[in-house]
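To convert, count from 1 in the sequence shown and add 13; that's our numbering. We put the CB at the ideal spot given by N, CA and C, even for glycine.
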Amino acid sequence: MIGNGSSCLEYLRDLFIAIKSFYYPSNTGKFQKRLVDFVLNLARYFVERIHLEKKQSPVWFFALHESYRLTEQDVTNFVDCVKEYAFMSIFNKDYVGEAAEACQYLAMLRPESIVTPIVDKLFLSIDNLTEAHRFTSLMQCLKRITRSLVRQTSSFSQGQKYILPLLTAILPGIDLNDFEKTNVTLEVFDAIFMLISCVDCSSAVNIRNDLTE
Numbered sequence: 014m015i016g017n018g019s020s021c022l023e024y025l026r027d028l029f030i031a032i033k034s035f036y037y038p039s040n041t042g043k044f045q046k047r048l049v050d051f052v053l054n055l056a057r058y059f060v061e062r063i064h065l066e067k068k069q070s071p072v073w074f075f076a077l078h079e080s081y082r083l084t085e086q087d088v089t090n091f092v093d094c095v096k097e098y099a100f101m102s103i104f105n106k107d108y109v110g111e112a113a114e115a116c117q118y119l120a121m122l123r124p125e126s127i128v129t130p131i132v133d134k135l136f137l138s139i140d141n142l143t144e145a146h147r148f149t150s151l152m153q154c155l156k157r158i159t160r161s162l163v164r165q166t167s168s169f170s171q172g173q174k175y176i177l178p179l180l181t182a183i184l185p186g187i188d189l190n191d192f193e194k195t196n197v198t199l200e201v202f203d204a205i206f207m208l209i210s211c212v213d214c215s216s217a218v219n220i221r222n223d224l225t226e
């Protein structure tokens with residue numbers, strides 16, 4: 014079990030290194046579902062464990078000794094161990110939904126390690142004419158992590174600064190010739206606007222003189 018100086022994460026890291034080549038999207042087969050589900054379940058149950066550990070009123074079936082509880086460093090090490098394989102799985106056309114869900118759980122734990130790389134990959138994919146499918150896959154992932162993107166925390170406060178550039182950059186995703194791209198783009202817009210308030214601040218230039226563009 015991860016925690017209390019256990020070697021579990023080291024063994025998990027070694028396991029991922031051993032099977033890394035099977036995560037590449039070019040390796041297709043039924044086995045990939047099990048690999049992607051493995052990453053998803055790791056992230057999901059890790060989040061569930063943290064929830065139980067931090068629950069204000071303990072439950073009878075989960076009475077973990079204080080010394081065995083996860084530390085902040087344990088959480089960081091876990092995310093660093095798993096995130097690379099979640100990122101690779103995003104571009105697996107058959108299981109992008111599961112990969113996006115795994116990224117969602119990881120973003121709950123450490124948004125600074127997940128949100129920024131995904132947004133950077135998305136910006137690069139917008140003008141990529143040779144690998145157009147990357148944009149759609151990353152947009153499906155972005156849809157899942159919008160809450161971590163707009164939420165301001167002590168460890169990750171710059172996510173909100175991505176919102177306006179993102180909304181402008183993904184507008185070309187509304188393409189009448191590509192239903193899937195249009196659909197996921199509108200879903201991203203919907204997910205973002207469900208979490209933020211839109212206010213007309215254009216009159217602020219008449220009140221303050223220290224505002225930039």
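> The alpha helix (DSSP H) with residue 67 in it runs from where to where?
Replying inline: Taking the first residue of the sequence shown as 1, we reach residue 67 at position 54. Neither: residue 67 is in no alpha helix (DSSP H) and is coded neither H nor E.
>> What does the alpha-carbon distance come out to for the pair residue 113 and residue 123?
In response: Mapped onto the sequence shown, residue 113 falls at position 100. Mapped onto the sequence shown, residue 123 falls at position 110. Cα to Cα, the separation comes out at about 15 Å.
> On the three-state DSSP scale, how would you describe residue 165?
Replying inline: Reading the sequence shown from its first residue, position 152 is the one you call residue 165. Residue 165: coil per DSSP, three-state reduction.
>> Count Cβ pairs between the stretch 78-90 and the stretch 141-157 that sit closer than 8 Å; are there 3 or more?
In response: no
>> For residue 194, which residues in the same chain have their Cβ closer than 6 Å to its Cβ, ignoring the five residues on either side in sequence?
In response: Mapped onto the sequence shown, residue 194 falls at position 181. Within the same chain, residue 194 has close Cβ partners 149, 186, 188.
> Does the distance from the C-beta atom of residue 161 to that of residue 120 stay below 8 Å?
Replying inline: In the sequence shown, the residue the question calls residue 161 occupies position 148. In the sequence shown, the residue the question calls residue 120 occupies position 107. Yes, the pair counts as a contact, with Cβ atoms nearer than the cut-off.
>> Could you tell me the alpha carbon to alpha carbon distance between residue 33 and residue 20, rounded to whole angstroms?
In response: Here residue 33 corresponds to residue number 20 of the sequence shown, with the count starting at 1. Here residue 20 corresponds to residue number 7 of the sequence shown, with the count starting at 1. So the alpha carbons of these two residues sit roughly 20 Å apart.
>> Taking the alpha helix (DSSP H) that residue 87 belongs to, which residues open and close that run?
In response: Working through the sequence shown from its first residue, we reach residue 87 at position 74. Here the alpha helix (DSSP H) through residue 87 covers 85-103.
>> Suppose you measure from the CA of residue 40 to the CA of residue 24; what does that come to, to the nearest Å?
In response: The residue you call residue 40 lines up with position 27 of the sequence shown. The residue you call residue 24 lines up with position 11 of the sequence shown. Computed Cα separation, rounded: 24 Å.
>> I need the boundaries of the alpha helix (DSSP H) containing residue 138, first residue and last residue.
In response: Position 125 of the sequence shown, counting from 1, holds the residue named residue 138. 124-139 is the span of the alpha helix (DSSP H), which, as asked, contains residue 138.
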